[in-house]
Amino acid sequence: MKRRSLYLAGITLVSLFVLFSCAKPPTAEMDQATAAVAKAQADANTTQYAPESLKRAVDSLAKMKAEADAKRYDNAKTLAQETIKLADQAIADGNAGLERAKDEAAGLIASGKSLVLEVTNALNGAKKVARIKLNFTDVTAKFNNAKATLAAAEKDQGSGNFKGAIEKGKTARTALSDILSTISSAVQAASKKK
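Under mature numbering (1 follows the signal peptide of the UniProt record, and there is no 0), residues -23 to -1, 1 to 171 are what the sequence shown spells out, in order.
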């Protein structure tokens, strides 16, 4: 009986050894994961508008490779599947980010154009106010700079550089708002002197 138990234990150990020593890395899944991450890295929208999502996919790929190197193939296979999902999500996030950037750029440019009209009207009205203390030369120069920045934002938008359009649109909007505030303050101060 003892001999038979030892014999069965020996066969079990040998079987387990053979089973684990024959395990092979999930190369197909790992190759798919590597290709998915490479595709995400090559996508301009992903790199520009979803760098955090892309980083998660790259980190998952590194973990997958580490698990495969440690011969933990089940974990590597699971991580390969997760990496593919993360890479696909990064691409989707990049496309969504592009759409948000397009909308934001369009909104900033539209509000900037509206502010240009307001500043033009306020500046024309201020010229008619008696005893106004406003440096029209300085305000006009700032106004022209703001309009040029807004035009550059519109040009960036037209060429697909939405991040540049957003940055310039915000700069123009701030400058135009400041000019409008300066004109309004000068008009109010002149009105109080009457």
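Glycine included, each C-beta is placed from N, C-alpha and C at the ideal position.
Inset, instruction - Report the rounded CA-to-CA distance for GLU131 versus LYS79, giving the unit in angstroms. - result: To locate residue 131, count along the sequence shown from 1; it is residue 154. To locate residue 79, count along the sequence shown from 1; it is residue 102. If I take the Cα positions, the gap works out to 11 Å.
Inset, instruction - Might you give, ordered along the chain, the residues of its own chain that have their beta carbon closer than 6 Å to the beta carbon of LEU92, omitting 5 neighbours on each side? - result: Along the sequence shown, one-based indexing puts residue 92 at 115. LEU153, listed in sequence order.
Legend entry - Proximal residues to ASN112 (C-beta, below 8 Å), its chain only, five neighbours per side dropped: Here residue 112 refers to the residue found at position 135 when the sequence shown is read from its first residue. Answer for ASN112: no residue qualifies.
Inset, instruction - Take VAL106 as the anchor and find which of ILE160, SER30 and THR151 has the nearest alpha-carbon. - result: Counting from 1 along the sequence shown, the entry for residue 106 is found at position 129. Selected option, being the one with the closest Cα: ILE160.
Inset, instruction - Could you tell me the boundaries of the alpha helix (DSSP H) in which LEU92 lies? - result: As a working mapping, residue 92 is identified with position 115 in the sequence shown. Residues 50 to 103.
Legend entry - Sequence-distant residues of its chain with Cβ nearer than 6 Å to VAL164 (five each side left out): Here residue 164 corresponds to residue number 187 of the sequence shown, with the count starting at 1. Excluding residues within five positions, the ones whose Cβ falls inside 6 Å are ALA103 and VAL106.
Legend entry - Close-in-space but distant-in-sequence residues of the same chain around GLU95 (CB under 7 Å, 5 per side omitted): Position 118 of the sequence shown, counted from the first residue, corresponds to residue 95. Contacts found: LEU157.
Inset, instruction - Within 10 angstroms of the Cβ of PRO28, are there 16 or more other Cβ atoms? Answer buried if so, exposed if not. - result: If you number the sequence shown from 1, residue 28 lands on position 51. So PRO28 ends up on the exposed side.
Inset, instruction - Going by CA-CA distance only, name the one from LYS32, LEU75 and GLY74 that's closest to residue 178. - result: Residue 178 cannot be examined here, being either before or after the span of the chain that is shown, -23 to 171.
Legend entry - Nearest residue (CA-CA) to LYS110, options ASN52, SER162 and ALA39: Locating residue 110 in the sequence shown gives position 133, where the first residue counts as 1. The shortest Cα separation from LYS110 among ASN52, SER162 and ALA39 belongs to SER162.
Inset, instruction - Give me the Cα-Cα distance between TYR26 and VAL116, rounded to the nearest whole angstrom. - result: By 1-based counting over the sequence shown, the position of residue 26 is 49. By 1-based counting over the sequence shown, the position of residue 116 is 139. Approximately 36 Å, taken between the alpha carbons.
Inset, instruction - With a 10 Å radius around its C-beta and 16 neighbouring C-beta atoms as the bar for buried, classify THR126 as buried or exposed. - result: Here residue 126 corresponds to residue number 149 of the sequence shown, with the count starting at 1. Buried: at least 16 other Cβ atoms inside 10 Å.
Inset, instruction - Go ahead and pull the three-state DSSP assignment for ILE160. - result: As a first step, residue 160 must be located in the sequence shown, where it is residue number 183. Helix.
Legend entry - ALA17 and ALA34 closer than 8 Å at C-beta: In the sequence shown, counting from the first residue as 1, residue 17 sits at position 40. In the sequence shown, counting from the first residue as 1, residue 34 sits at position 57. Yes. Within cutoff.
Inset, instruction - Give the DSSP-derived three-state secondary structure of ILE109 in the structure shown. - result: For this step, residue 109 is matched to residue 132 along the sequence shown. The answer is coil: DSSP assigns ILE109 none of H, G, I, E or B.
Inset, instruction - Determine, using beta carbons only, whether ASP65 and ALA15 come nearer to each other than 8 Å. - result: Taking the first residue of the sequence shown as position 1, residue 65 is located at position 88. Taking the first residue of the sequence shown as position 1, residue 15 is located at position 38. No, the pair does not count as a contact, with Cβ atoms beyond the cut-off.
Inset, instruction - For the alpha helix (DSSP H) holding PRO3, just list the boundary residues, first then last. - result: In the sequence shown, counting from the first residue as 1, residue 3 sits at position 26. Where PRO3 is concerned, there is no enclosing alpha helix (DSSP H), given that its DSSP letter is neither H nor E.
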